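Residue numbers (the working numbering): 103 to 879. By construction, the Cβ of each residue, glycine as well, lies at the ideal position given by its N, Cα and C atoms. Treat the numbers as computed from the prediction; the structure is a model and nothing was measured.
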C-alpha cells in the first residue's frame, strides 16, 4: 500500500517501536471491513489484541519520565504518534483517550499520594478506562452516580455510565460521582471489581470498536485512597479532551489520503485508463488537507506542552503553608514520586509543595482558558477539512469504479462520529465569548446569555477592554511572553538591541515555551529592539547563504512580544529582490506594528545598495499616510492629490506609487553599516551608521563593528546561553520632538521624523483639476 506525501513525521524511534502495533491495527481494520465477504475475524477481539500490544510496547507510559518507568515523550511527540497510529486504526487509538487524560492529570500534580498511585499503575503497564457521561436527561456537569458508605462503613459506587470509551479493554476504571452531601468526586476501581458490568452496546455508525458502550455500577467497592476531590482535575481538561480527538481526526485524514493513493494503484492494476486531471487533483487535495490539519494539531500540541511545563513549574515552585511537605488539597505521601512498579521513590530534598492557592490558582485558570481557546480554534479548522478530505476519498474510489472494495466510506463515518462530540458552531461561539466578551466556558445557556448581555452593555458604554490590555491580563488570546509592553524614553545612553540568527528566530517561533524563556531574558536585560537577519548563516560573502525573510518572522513575533520593536537586517540587496516588493513588505510590517519597525542595510556594494535604498525610501513616501481619511463621514477614502509617482529610472527602476500608505512614524527608521553613508542632496536618508555602535554597556564585547556582529547560524538554546555576546546599543538620537508618534521606533530611539527630498522626476499619480476630483480613491 502506498503512503501519501502528507504522512506524519513521527520521530524514528517511536515509529519503529510501535510499528508492530500499527501493523496489527491495520490488519484489524481490514478484518472488519472486507468488501463483499463476511467478517474475517472478530474486530473487537482484534482491537483488544492491538491494545495489549500497545501496552506491552509502552504506549500507556509514553509521557512518564524515564526515571518513573516511562518513555519521556513530550506533548508534540505524543500527538505525532497519535496521528500516526490513528492513520492505521482510529478506533484503537480512541480507546486510549481516558487513559491519556488520567495520565496528564496526574503528571501536573507530581508527588501527591494520588498521582503516585495512578502513575505507578500506569508505569506498571495498566490501561485506564472509565466514563463520565450518563444516559438520560441529566444536565451537563451533573451526575446521578453516587459514592456512599454502606452500613459497614465501606464506600460503594452505584450508577450507570455511557460512552465508557476503552473500558472493555482496560485494567482500571475511573468515574465521576457525587457524595450524599452533594460533593463531586472522582473514584477509581479495578475493571474486575465485583459489581462492574461492561456492556458492548455502542451502536455508532463510525468508530465502531472503541468499546464506548454502557457501564453499570452496582455497589462496587471503592478504596478510599482511590477517591480524589473534583478540583484535582487537569485545569486544561477540555483542551486536552479536544486535542486527543483532533489528533485522531488528523490520522483519519491521513488514512483517507492513503486510501485515495491506493485506489489509483488498484485501478491501474485492474487495467483502468489514466484518470483525468479532475480526479488527480482531488487526490492531491486530499493529501494537502491531511497535511494542513496535521500542522494545526501539532501547533496545538506545542501550546499544550508550554501549558504543561508552566503548570508543573508552578506546582513545584509554590511555597507550602507549613514549611514542610504537605498540602491541604491532597494527602501527599512524604517524599513520594511515582515509581515504575507503583512504589515510591524519594523526592528531591526540601522540594516545596503547593498549597493550591495564590499564584498557582491563577496559573491554573489561565492554563485552562488558553488551552480551551486554542483547542476550539483548532477544532474549527480541523473538522471541516477532515470531513471534506474523507468525503472526497470516498468519491475518488467511486469514480475509479472500486466502490466499497477499499471501504473508503469508513473514513467519513469515523470522522463524522468524532465530530459529533463537540459541534463546530459551539466552539466558534466559545471563541467569540472568550476573546471578545471575556466569558469563560462551562456556563449554562442562561448564564452565558446573561454574561453576553452584560458584556455587550459594557461595550456600548465604552467600558470594554482593548486588545492590548486583554493580551496582558490573562484573557485568552495569542500567548504573550512579556508581562506588559515596554516603551522607553531616551536618557542619552541609547537603546539596547539583540541580534538574532535566522535559525534561532525560527526555533523561537516554533516553540512557545522557548519564546517565553527568551522573552524573560530580554526583559531582564531591558532589550527593546530585536534585529532579525535575512540569512540563516553567512561567511561574510554576499549571496553565499539562502535567504530568510525576516519581515514575515517579525510579523509573527509582534503578537508574541508586545512592546518590542524590530530591525530587519539585510546583507546588501537580498538576491532577486525588487525595491517595490521589499518596500511593500516593510511598509506592511510598519502598519502591523504601529511604526515599531525599521531597516538595517549592511552594505556589500555601496553603489548598487545606495540605488536600491533610494528607490525603497522614495516608494515609502509616495503615498502619504495623512492623505487617508480619518472620519467615516469623509466623502472619499483618501485625498489623491499628494499621491505621487516616483518615476525612478536605472537598474532599480520603479514608477510607483506604493500601494501601502506611508509609515505611522513618517519614514521607517533606516540604519546603514558596511561603509554606506547618506549625504545631503542625494535623496537618501539615514538615521544612523551602525559601524559606530558598540556592545551593550557591561556586556561581553560583540566586535569592533556592530555591522559585522551577530549570532550567525546558531540555534535558540545557544543564543540564549550566550545572550550577552549578542547585545548592542543603538545610538541615541537628539530627541524625538513633537512630530514623532508615541510607541514608534522613532520615539523609542529619540529620532526626528525625516524630510525626504523627492526625486526630480516625481509627478502626481492622479490628474486633479479641481476640488471635486480630490478623494478619487
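Own chain, CB closer than 6 Å to residue i, minus 5 neighbours either side, in chain order
i: residue 599; result: 631, 633, 830 and 832
i: residue 120; result: 159
7 Å Cβ cutoff met for residue i and residue j
i: residue 706; j: residue 752; result: no
i: residue 277; j: residue 295; result: no
i: residue 834; j: residue 665; result: no
i: residue 314; j: residue 359; result: no
i: residue 311; j: residue 149; result: yes
i: residue 525; j: residue 474; result: no
i: residue 847; j: residue 772; result: no
i: residue 520; j: residue 361; result: no
i: residue 329; j: residue 287; result: yes
i: residue 353; j: residue 188; result: yes
i: residue 724; j: residue 741; result: no
i: residue 466; j: residue 337; result: yes
i: residue 275; j: residue 213; result: no
i: residue 317; j: residue 266; result: yes
i: residue 760; j: residue 656; result: no
i: residue 414; j: residue 210; result: yes
i: residue 498; j: residue 384; result: yes
i: residue 539; j: residue 554; result: yes
i: residue 671; j: residue 635; result: yes
i: residue 727; j: residue 763; result: yes
i: residue 293; j: residue 273; result: yes
i: residue 695; j: residue 660; result: yes
i: residue 818; j: residue 610; result: yes
i: residue 264; j: residue 237; result: yes
Any C-beta of chain D under 7 Å from that of residue i
i: residue 462; result: The chain labelled as chain D is not found in the depicted structure, where only one protein chain is given.
Run of the beta strand (DSSP E) containing residue i, from where it starts to where it stops
i: residue 340; result: Counting along the chain, residue 340 falls outside any beta strand (DSSP E), though it belongs to the alpha helix (DSSP H) covering 339 to 371.
i: residue 277; result: 274 to 280
i: residue 682; result: Looking at the DSSP string, residue 682 is not in any beta strand (DSSP E); the run it does join, the alpha helix (DSSP H), is 681 to 695.
i: residue 191; result: Residue 191 -> no beta strand (DSSP E), and no H or E assigned at all.
i: residue 701; result: 699 to 704
i: residue 260; result: 257 to 263
i: residue 331; result: 329 to 331
i: residue 672; result: 667 to 673
i: residue 882; result: Because the chain here runs from 103 to 879, residue 882 falls outside it and cannot be looked at.
i: residue 598; result: 597 to 601
i: residue 556; result: Careful: residue 556 lies outside any beta strand (DSSP E), inside the alpha helix (DSSP H) at 547 to 562.
i: residue 145; result: Unbroken run through residue 145 is the alpha helix (DSSP H), 145 to 159; no beta strand (DSSP E).
i: residue 322; result: 317 to 323
i: residue 249; result: 248 to 251
Cα-Cα separation, residue i to residue j
i: residue 349; j: residue 165; result: 16 Å
i: residue 855; j: residue 789; result: 10 Å
i: residue 373; j: residue 357; result: 24 Å
i: residue 617; j: residue 183; result: 25 Å
i: residue 298; j: residue 200; result: 17 Å
i: residue 262; j: residue 605; result: 55 Å
i: residue 552; j: residue 533; result: 17 Å
i: residue 82; j: residue 127; result: The shown model of the chain, from 103 to 879, leaves out residue 82, and the question about it has no answer.
i: residue 491; j: residue 522; result: 17 Å
i: residue 744; j: residue 866; result: 7 Å
i: residue 319; j: residue 471; result: 34 Å
i: residue 254; j: residue 284; result: 21 Å
i: residue 868; j: residue 731; result: 17 Å
i: residue 122; j: residue 667; result: 51 Å
i: residue 593; j: residue 851; result: Below a pLDDT of 50, predicted positions are generally treated as unreliable, and residue 593, at 42, falls in that range; the measurement from the model is reported next regardless. Roughly 10 Å separates the two Cα atoms.
Close beta carbons around residue i, own chain, < 7 Å, minus the five adjacent residues each side
i: residue 402; result: 345, 348, 476, 477 and 480
i: residue 309; result: 192, 193, 196, 516, 519 and 520
i: residue 584; result: At residue 584, the pLDDT of 27 sits below 50, so the modelled position is not reliable and the matter cannot be decided from this model.
Chain-order list of residues whose beta-carbon lies under 8 Å from that of residue i (same chain, five-residue window excluded)
i: residue 198; result: 153, 156, 161, 162, 229 and 268
i: residue 279; result: 245, 247, 248, 249, 259, 261, 286, 287, 288 and 289
Endpoints, the alpha helix (DSSP H) within which residue i is located
i: residue 658; result: 652 to 662
i: residue 393; result: 379 to 419
i: residue 614; result: 614 to 626
i: residue 210; result: Careful: residue 210 lies outside any alpha helix (DSSP H) and carries neither H nor E.
i: residue 819; result: 818 to 823
Report task. Pair every Cβ in the segment 714 to 722 with every Cβ in the segment 855 to 870, then say whether three or more of these pairs are closer than 8 Å. Result -> yes
**Report entry** At least three beta-carbon pairs within less than 8 Å, the segment 168 to 183 to the segment 244 to 255
**Finding:** no
Query raised in the report: Does the count of Cβ pairs from the segment 159 to 176 and the segment 124 to 133 closer than 8 Å reach three?
Result: no
Report task. Check whether the segment 325 to 332 touches the segment 376 to 391, counting contact only when three or more Cβ pairs, one atom from each stretch, lie closer than 8 Å. Result -> no
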